[in-house]
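Chains as they are written, first to last, in our numbering: chain F, 264 to 457; chain B, 264 to 457; chain V, 264 to 457.
In this text, a Cβ means the ideal position worked out from N, Cα and C, and glycines have one as well.
These figures come from a predicted structure and were not determined experimentally.
Comments concern the structure below.
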Amino acid sequence: MSKLMTKVLFIVAGLTLMTILACKPADKDLSTYGEDRAEIENLQARYMFALDFGDLDTFVSTFTEDGTLDIIGMKWQGRENIKEGLGGMMPPAGEENPEAQEASEATEEKPLYRATGRHNISNIVLKIDGDKAVGRAYWFHMGNGNPDRKAALDSYGYYEDEMKKVNGQWLFSKRRIYNEQMAEWIGSDKNPCW
Amino acid sequence: MSKLMTKVLFIVAGLTLMTILACKPADKDLSTYGEDRAEIENLQARYMFALDFGDLDTFVSTFTEDGTLDIIGMKWQGRENIKEGLGGMMPPAGEENPEAQEASEATEEKPLYRATGRHNISNIVLKIDGDKAVGRAYWFHMGNGNPDRKAALDSYGYYEDEMKKVNGQWLFSKRRIYNEQMAEWIGSDKNPCW
Amino acid sequence: MSKLMTKVLFIVAGLTLMTILACKPADKDLSTYGEDRAEIENLQARYMFALDFGDLDTFVSTFTEDGTLDIIGMKWQGRENIKEGLGGMMPPAGEENPEAQEASEATEEKPLYRATGRHNISNIVLKIDGDKAVGRAYWFHMGNGNPDRKAALDSYGYYEDEMKKVNGQWLFSKRRIYNEQMAEWIGSDKNPCW
């Protein structure tokens, strides 16, 4: 083989290798801001469904094994502790507001049905660095736990979140919840975001 | 050409081909969770604008040709049927609540202007598999169809969605709407999500 | 070198080059709908935190240097002008509603704490073309500037946005805000989206 030939072949082979390496991020497993944000948004939404429908097993599965849920007034670390702590505070599924449930039984003109409460997340800000992420977001809650089953906004606040990617899955390692309807649980008066 | 030479060339050509194939997903058409979710979120939002502004043509274009809109109390399949069925239920554009419109004409201290209603989507959960997707999300509605044009939350519920990618575009193949302000239209008391 | 040989080498080299160019979008800097949308959603959310927490420097940093904020009744171009104009309209941080603040000082049964106001964005629709984007979205505002610090929805409307990618960062080049609680500031009765 001529020397020139060999050189050319090495260059072509080298370029090919570089290309293969450069293309690596095109894999489905690629980690980009958009991909990670999409997964985290999905996590944040699944958390809400699990919370509002009293599905505690799914709820705690959105946290890392040693994840922390901190609602300022109370704080639990680890899935079992979160399940026990939060579970004790939640009304049984379908009984968002037992008193209103009582009250509405009295009404005859409207058929009775269970009251519900719904948490919503908005304004999600995420800073992602490898397999760690920091988040800020607003939340607000509405419910119809009144005798008329009338939809009503009743509280809001914001989240300070830390997330980790464990075995390819994003999970909360820490969620801190500020609630602006409780003097003791309101958050900062400075921008908690960036 | 020497045999060695030929071999080397085949290897280089083979690697190049593999690289080209491996890089395919890097195209703009690449399908990743993040890309598909972004397109579907956009679809979900466009649906809302079209609905609230009475733009029925755009609204039905968010469904597949044989898509189904199921509001529990009623159900329509196919774009034309959805258009006719939903169109019959919608107030003419700019007349969200004709009665309130009437009422507000009586007020002299505040200039009259049309009332509006706005549907919002939140907590979007999406499971995507190739050109099919399943979704869950919350919705809530606010309006100002009262004599003071005061913003008021009036209803909420959740969606169960099925989507299909048709010619590169995500569309609803089925949307089922639960409404927690109607005894007959409320959804499950079990977590409808995962 | 044989002519055939040379030809084959040129073909292989050509394919390699094409592959390298085709793979370019696989870089972390790749611009796809999903990546750009993720960055823009983050921008839209950061804007809200900065606005509600009175962080004017961060707020104006979400605009391009010569960006425009148009709230129909008023309009400012350029970061300094936006800062001055909007700053003059904002209550000092932690005094969302000075009157309610006064009023609540009178109440003895509930400890006094600062009132807050929170803007939320939903239904984000984005059309992205290279380093320019056009957006539509809903907004709604809630606050607790009343003596009971009760969460209440108080206004809503929609945005018409233009965004630019400057040095790799998406920024607002123009935001126009429609407010459906003000006769003069309400938007179109036709679908402003697509």
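Item to complete: Could you tell me whether any Cβ in chain B is nearer than 7 Å to the Cβ of Tyr419 (chain V)?
Response: Here residue 419 (chain V) is taken as the residue at index 156 of the third sequence, counted from 1. For Tyr419 (chain V), the answer is yes, since a Cβ of chain B falls inside 7 Å of its Cβ.
Discussion item. Quick check on DSSP: helix, strand or coil for Lys395 (chain B)?
Written reply: As a first step, residue 395 (chain B) must be located in the second sequence, where it is residue number 132. Strand, per DSSP.
Practice prompt. Give the straight-line distance between the Cα atoms of Leu349 (chain B) and Ser324 (chain B), rounded to the nearest whole angstrom.
Written response: Mapped onto the second sequence, residue 349 (chain B) falls at position 86. Mapped onto the second sequence, residue 324 (chain B) falls at position 61. CA-CA distance, Leu349 (chain B) to Ser324 (chain B), rounds to 14 Å.
Discussion item. Within 8 Å, do at least three Cβ pairs link the stretch 383 to 395 of chain V to the stretch 305 to 320 of chain B?
Written reply: Yes, they touch.
Discussion item. Under 7 Å, Cβ to Cβ, is there at least one residue of chain F near Gly297 (chain B)?
Written reply: Along the second sequence, one-based indexing puts residue 297 (chain B) at 34. Gly297 (chain B) counts as touching chain F.
Fill in: Beta-carbon neighbours of Arg438 (chain V), restricted to chain F and to distances below 8 Å
Here residue 438 (chain V) corresponds to residue number 175 of the third sequence, with the count starting at 1. Per Cβ cutoff of 8 Å: no residues; Arg438 (chain V) is ~15 Å from chain F at best.
Worksheet item: Using 7 Å as the limit for Cβ to Cβ distance, is Tyr458 (chain F) near chain B?
Response: Because chain F in this structure spans residues 264 to 457, residue 458 (chain F) falls outside the shown range and cannot be described.
Worksheet item: Taking just the CA atoms, how far does Thr331 (chain B) sit from Asn305 (chain V)?
Response: On the third sequence, residue 305 (chain V) is found 42 positions in, with the first residue counted as 1. On the second sequence, residue 331 (chain B) is found 68 positions in, with the first residue counted as 1. Computed Cα separation, rounded: 33 Å.
Worksheet item: Would you report the Cα separation of Ala301 (chain V) and Ile274 (chain V), rounded to the nearest angstrom?
Response: Along the third sequence, one-based indexing puts residue 301 (chain V) at 38. Along the third sequence, one-based indexing puts residue 274 (chain V) at 11. Going from the Cα of Ala301 (chain V) to the Cα of Ile274 (chain V) covers about 39 Å.
Item to complete: Measure the beta-carbon distance from Ala415 (chain F) to Met405 (chain F) and round it to whole angstroms, keeping in mind my assumption that it falls under 8 Å.
Response: By one-based count along the first sequence, residue 415 (chain F) stands at place 152. By one-based count along the first sequence, residue 405 (chain F) stands at place 142. Yes, Ala415 (chain F) and Met405 (chain F) are in contact; Cβ-Cβ is about 6 Å, under 8 Å.
Discussion item. Is there a C-beta anywhere in chain V that falls below 7 Å from the one on Thr327 (chain B)?
Written reply: Position 64 of the second sequence, counted from the first residue, corresponds to residue 327 (chain B). No - not a single Cβ of chain V is within 7 Å of the one on Thr327 (chain B).
Discussion item. For a cutoff of 7 Å on Cβ pairs, would you count Ala369 (chain B) as touching chain V?
Written reply: Residue 369 (chain B) sits at position 106 when you count from the first residue of the second sequence. Confidence at Ala369 (chain B) is low in this model, with a pLDDT of 45, below 50, so its placement is unreliable and the value that follows should be read with caution. Output row for Ala369 (chain B): interface = no.
Worksheet item: The alpha helix (DSSP H) with Ile345 (chain V) in it runs from where to where?
Response: Position 82 of the third sequence holds residue 345 (chain V). Annotation: the continuous alpha helix (DSSP H) that includes Ile345 (chain V) extends over Arg342 to Met352.
Item to complete: Run down chain F in chain order and give the residues with a C-beta less than 8 Å from the C-beta of Phe403 (chain B).
Response: Numbered from 1 along the second sequence, position 140 holds the residue referred to as residue 403 (chain B). The contacting residues are Arg381, Asn383, Met405 and Ala414.
Worksheet item: Does Asn305 (chain V) come within less than 7 Å of chain F when only Cβ atoms are used?
Response: Locating residue 305 (chain V) in the third sequence gives position 42, where the first residue counts as 1. Asn305 (chain V) counts as touching chain F.
Worksheet item: When you compare only the Cα positions, how much space is there between Trp339 (chain F) and Gln444 (chain F)?
Response: Within the first sequence, residue 339 (chain F) is the residue found at index 76, counting from 1. Within the first sequence, residue 444 (chain F) is the residue found at index 181, counting from 1. Rounded to whole angstroms, Trp339 (chain F) and Gln444 (chain F) show a C-alpha spacing of 21 Å.
Worksheet item: Which residue or residues does DSSP assign as beta-bridge partners of Glu423 (chain B)?
Response: Taking the second sequence and counting its residues from 1, the one referred to as residue 423 (chain B) is at position 160. In the DSSP assignment, Glu423 (chain B) is bridged to B:Arg399 and B:Arg439.
Worksheet item: Do Phe326 (chain F) and Phe435 (chain F) have their C-beta atoms closer together than 7 Å?
Response: On the first sequence, position 63 is the one that residue 326 (chain F) refers to. On the first sequence, position 172 is the one that residue 435 (chain F) refers to. Yes, the Cβ-Cβ distance between Phe326 (chain F) and Phe435 (chain F) is below 7 Å.
Discussion item. What does DSSP give as the partner residue(s) for Lys326 (chain V) in the beta ladder?
Written reply: By one-based count along the third sequence, residue 326 (chain V) stands at place 63. In the sequence as displayed, the identity of residue 326 (chain V) is Phe instead of Lys. DSSP lists V:Phe435 as partners of Phe326 (chain V).
Item to complete: Can you say whether Gln307 (chain V) is buried or exposed, counting buried as having 16 or more other CB atoms within 10 angstroms of its CB?
Response: Here residue 307 (chain V) refers to the residue found at position 44 of the third sequence. Buried.
Worksheet entry | Length of the line joining the Cα atoms of Lys291 (chain F) and Gly297 (chain B) | Residue 291 (chain F) sits at position 28 when you count from the first residue of the first sequence. Residue 297 (chain B) sits at position 34 when you count from the first residue of the second sequence. Because the pLDDT at Lys291 (chain F) is just 47, under 50, the model does not fix this residue reliably, and the point stays unresolved.
Item to complete: Give the interface partners of Glu302 (chain B) over in chain V, defined as CB-CB distance under 7 Å, in chain order.
Response: Taking the second sequence and counting its residues from 1, one reaches residue 302 (chain B) at position 39. Going along chain V in sequence order, the residues near Glu302 (chain B) (Cβ under 7 Å) are Tyr296.
Worksheet item: Quick one: what does DSSP say Met445 (chain V) is sitting in, helix, strand or coil?
Response: Position 182 of the third sequence, counted from the start, is the residue given in the question as residue 445 (chain V). DSSP places Met445 (chain V) in coil when its eight states are reduced to three.
Worksheet item: Between the stretch 309 to 337 of chain F and chain B, which residues of the former have CB atoms less than 7 Å from a CB of the latter, in chain order?
Response: Correct list: Arg309, Met311, Phe312, Ala313, Phe316, Asp318 and Thr321.
Worksheet item: Which residues in chain V sit within 8 Å of Val388 (chain F), going by Cβ to Cβ distance?
Response: Residue numbering aside, residue 388 (chain F) sits at position 125 when the first sequence is read from its first letter. Under the 8 Å cutoff, chain V gives Asn305, Ala308, Arg309 and Phe312.
Worksheet entry | Gly336 (chain V) versus V:Trp448, V:Asp394, V:Lys453 and V:Met352, residue with shortest Cα-Cα distance | Sequence index remark: in the third sequence, residue 336 (chain V) carries index 73 (1-based). The shortest Cα separation from Gly336 (chain V) among V:Trp448, V:Asp394, V:Lys453 and V:Met352 belongs to V:Trp448.
Item to complete: Count the other CB atoms, across all protein chains shown, that sit within 10 Å of the CB of Asn442 (chain F); report buried if there are 16 or more and exposed otherwise.
Response: Residue 442 (chain F) sits at position 179 when you count from the first residue of the first sequence. Asn442 (chain F) counts as buried, since no fewer than 16 other beta carbons sit within 10 angstroms of its beta carbon.
Worksheet item: DSSP three-state call for Val412 (chain V): helix, strand or coil?
Response: On the third sequence, position 149 is the one that residue 412 (chain V) refers to. Before going on, a small fix: residue 412 (chain V) reads as Arg here, not Val. DSSP places Arg412 (chain V) in coil when its eight states are reduced to three.
Discussion item. Counting C-beta neighbours from all protein chains within 10 Å, is the total for Lys395 (chain B) 16 or more, i.e. buried, or is it exposed?
Written reply: Counting from one through the second sequence, the residue named residue 395 (chain B) turns up at place 132. So Lys395 (chain B) ends up on the exposed side.
Fill in: Rounded C-alpha distance that separates Glu347 (chain B) from Lys428 (chain B)
Residue numbering aside, residue 347 (chain B) sits at position 84 when the second sequence is read from its first letter. Residue numbering aside, residue 428 (chain B) sits at position 165 when the second sequence is read from its first letter. About 25 Å.
Practice prompt. For Arg377 (chain F), go through chain B and note every residue whose CB falls closer than 8 Å to its CB, in chain order.
Written response: The count along the first sequence starts at 1 and reaches residue 377 (chain F) at position 114. Under the 8 Å cutoff, chain B gives Ile449 and Asp452.
Discussion item. Nearest by alpha-carbon distance to Gly431 (chain B): which of B:Met281, B:Asp299 and B:Lys270 is it?
Written reply: The count along the second sequence starts at 1 and reaches residue 431 (chain B) at position 168. Checking every option, the nearest Cα to that of Gly431 (chain B) belongs to B:Asp299.
Worksheet item: According to the neighbour-count rule (16 or more other Cβ atoms, all chains shown, within 10 Å of its Cβ), is Asp424 (chain V) buried or exposed?
Response: For the purposes of this step, residue 424 (chain V) is identified with residue 161 of the third sequence, where counting begins at 1. Buried is the call here.
Discussion item. Give me the chain V residues within the contact set of Glu425 (chain F), using Cβ-Cβ distance strictly less than 9 Å, ordered along the chain.
Written reply: Here the question's residue 425 (chain F) lines up with position 162 in the first sequence. Under the 9 Å cutoff, chain V gives no residues; its nearest Cβ is about 17 Å from Glu425 (chain F).
Discussion item. For Tyr422 (chain F) and Gly398 (chain F), which I take to be in contact (beta-carbon distance under 8 Å), what is that distance rounded to the nearest angstrom?
Written reply: Within the first sequence, the letter at position 159 stands for residue 422 (chain F). Within the first sequence, the letter at position 135 stands for residue 398 (chain F). 7 Å between Cβ atoms; contact.
Worksheet item: Nearest CA to the CA of Asp452 (chain V): which residue from B:Lys413, B:Tyr376 and B:Ser451?
Response: Here the question's residue 452 (chain V) lines up with position 189 in the third sequence. Here the closest residue by C-alpha is B:Tyr376.
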